Amino acid sequence: MSGAATQLPGAVAGPVIRAEGLTKTFGAFTAVDAISFEVAAGEIFGFLGANGAGKTTAMRMLCGLLTPSGGVASVAGFDVGREPEAIKRRIGYMSQKFSLYDDLTVRENIRFYGGVYGLRTTEIRAKTEALLGRLGLAHERDALVGSLPLGWKQKLAFSVALLHDPAVVFLDEPTGGVDPITRRQFWDLLYEAAARGVTVFITTHYLDEAEYCDRVSIMVDGRMAALDTPAGLKQQFGAADMNEVFLQLARGAKNTE
Ligand SMILES: Nc1ncnc2c1ncn2[C@@H]1O[C@H](COP(=O)(O)OP(=O)(O)OP(=O)(O)O)[C@@H](O)[C@H]1O
Numbered sequence: 001m002s003g004a005a006t007q008l009p010g011a012v013a014g015p016v017i018r019a020e021g022l023t024k025t026f027g028a029f030t031a032v033d034a035i036s037f038e039v040a041a042g043e044i045f046g047f048l049g050a051n052g053a054g055k056t057t058a059m060r061m062l063c064g065l066l067t068p069s070g071g072v073a074s075v076a077g078f079d080v081g082r083e084p085e086a087i088k089r090r091i092g093y094m095s096q097k098f099s100l101y102d103d104l105t106v107r108e109n110i111r112f113y114g115g116v117y118g119l120r121t122t123e124i125r126a127k128t129e130a131l132l133g134r135l136g137l138a139h140e141r142d143a144l145v146g147s148l149p150l151g152w153k154q155k156l157a158f159s160v161a162l163l164h165d166p167a168v169v170f171l172d173e174p175t176g177g178v179d180p181i182t183r184r185q186f187w188d189l190l191y192e193a194a195a196r197g198v199t200v201f202i203t204t205h206y207l208d209e210a211e212y213c214d215r216v217s218i219m220v221d222g223r224m225a226a227l228d229t230p231a232g233l234k235q236q237f238g239a240a241d242m243n244e245v246f247l248q249l250a251r252g253a254k255n256t257e
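Residue numbers (the UniProt record's numbering): 1 to 257.
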């Protein structure tokens, strides 16, 4: 595990994410089929699956954005069905699509999201300086985000998603479109966050990234077909790498889009 030792203030005891028979149906179609798992504080949890396997639907339920059809799940100690608002205050979220405003500067974006997360002006100012220093972006504070390379935008978006010190950060394919070296640098930020006790829940299509996770789950047709450490999965499937594990599982899928 990356760093469960340091607990955040207000951190919950036990698993930070807990799902038991979590299910979502759309009419007669079952998109997420009774998945059960737990994620510990400070764990980097990879959430893999082919297109249409049910990852986004499951993630939306865990973020309190979609009501489950069956089963239960809690995030940071709150029930996803009954206490979605409490969950939204304790999670960060970053996707490839939902990100920063290109026509605002770096500093304006941080100030804007700090306000959205309900931080005080003095707090935002202090956090802005710390964040810019950590990312080595201090000299770019007044640059338009649209002018930054994609890799920088991703690092900034991730740091902004952590501005309000969430217990869990949900990342939906956060590294799409960047080269392997830039992706590796992005992962350094994930490790730093995990070492501070933040739980990282990440979907990715890059199988090399699955190797960097503490544990990896693989969804097939709405079910969690496998869940273990990358080493454990490779052993279980007699595979040389995660790509091979993924292909073995995904080959039998029906719902791929
Ligand atoms: N609102 C909806 N109504 C009906 N079917 C839906 C709805 N949302 C998702 N689905 C279906 O549920 C299945 C799972 O979709 P989901 O988006 O969760 O998959 P995914 O694993 O996230 O795929 P991707 O990697 O493409 O995002 C798909 O067959 C999809 O068409």
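We put the beta carbon where it would ideally sit given N, CA and C, even for glycine.
These numbers were taken from a predicted model, which means no experiment stands behind them.
Extent of the continuous beta strand (DSSP E) to which residue i belongs
i, result
"Thr203", "Thr199 to Thr203"
"Asp33", "Phe29 to Val39"
"Ala226", "Arg223 to Asp228"
"residue 264", "Any question about residue 264 goes unanswered here, given that the chain covers just 1 to 257."
"Ala19", "Ile17 to Phe26"
"Leu65", "Here Leu65 belongs to no beta strand (DSSP E), and DSSP marks it neither H nor E."
Which listed residue (the options) has its alpha carbon closest to that of residue i
i, options, result
"Glu83", "Leu65, Lys97 and Asp221", "Leu65"
"Val200", "Met94, Thr128 and Ala19", "Met94"
"Gly115", "Lys24, Ala161 and Ala194", "Ala161"
"Glu211", "Thr203, Thr229 and Arg196", "Thr229"
"residue 267", "Thr56, Thr122, Leu156 and Thr121", "What the structure shows of the chain is the stretch from 1 to 257, and residue 267 is not part of that stretch, so it cannot be assessed."
"Leu62", "Leu148, Gly42, Leu144 and Gly77", "Gly77"
"Ile17", "Ala58, Ala226, Glu173 and Thr25", "Ala58"
"Arg196", "Val168, Arg183, Tyr206 and Leu207", "Val168"
"Leu190", "Ala19, Gly46 and Ala250", "Gly46"
"Ala41", "Ala50, Ala194, Tyr113 and Asp208", "Ala194"
"Tyr206", "Pro180, Ala231, Asp188 and Ala226", "Pro180"
Whether residue i touches residue j by CB criterion (9 Å)
i, j, result
"Ser217", "Phe29", "no"
"Val39", "Pro15", "yes"
"Gln154", "Phe186", "yes"
"Leu119", "Asn109", "no"
"Asp103", "Gly146", "yes"
"Met219", "Gly71", "no"
"Asp221", "Asp33", "yes"
"Ile44", "Asp241", "no"
"Leu148", "Tyr117", "no"
"Ile87", "Val106", "no"
"Ala73", "Leu22", "yes"
"Ile202", "Phe170", "yes"
"Leu144", "Ser159", "no"
"Glu173", "Thr204", "yes"
"Leu249", "Ala225", "yes"
Cβ-based burial, residue i [other Cβ within 10 Å; buried from 16]
i, result
"Thr175", "buried"
"Thr6", "Summary for Thr6: the model assigns pLDDT 45, below 50, so the residue's position carries little reliability; its value from the coordinates is reported in the next sentence. Under this definition Thr6 is an exposed residue."
"Gly92", "buried"
"Met1", "With a pLDDT of 47 at Met1, under the threshold of 50, the predicted position of this residue should be treated as unreliable, though the coordinate-derived value follows. So Met1 ends up on the exposed side."
"Arg251", "exposed"
"Ala130", "exposed"
"Gly49", "buried"
"Ala126", "exposed"
Continuous alpha helix (DSSP H) stretch holding residue i: start and end
i, result
"Ala58", "Lys55 to Leu62"
"Thr182", "Pro180 to Ala195"
"Val160", "Leu150 to Ala161"
"Tyr113", "Val106 to Val116"
"Gly133", "Thr121 to Leu135"
"Asp214", "That residue, Asp214, is in no alpha helix (DSSP H); it is neither H nor E in DSSP."
"Arg90", "Pro84 to Arg90"
"Val168", "Segment Val168 to Asp172 is the beta strand (DSSP E) holding Val168; no alpha helix (DSSP H) there."
"Ala250", "Met242 to Ala250"
Distance cut-off 8 Å: residue i Cβ against heavy atoms of ligand 3
i, result
"Met219", "Although ligand 3 was asked about, the structure shown includes only ligand 1 as ligands."
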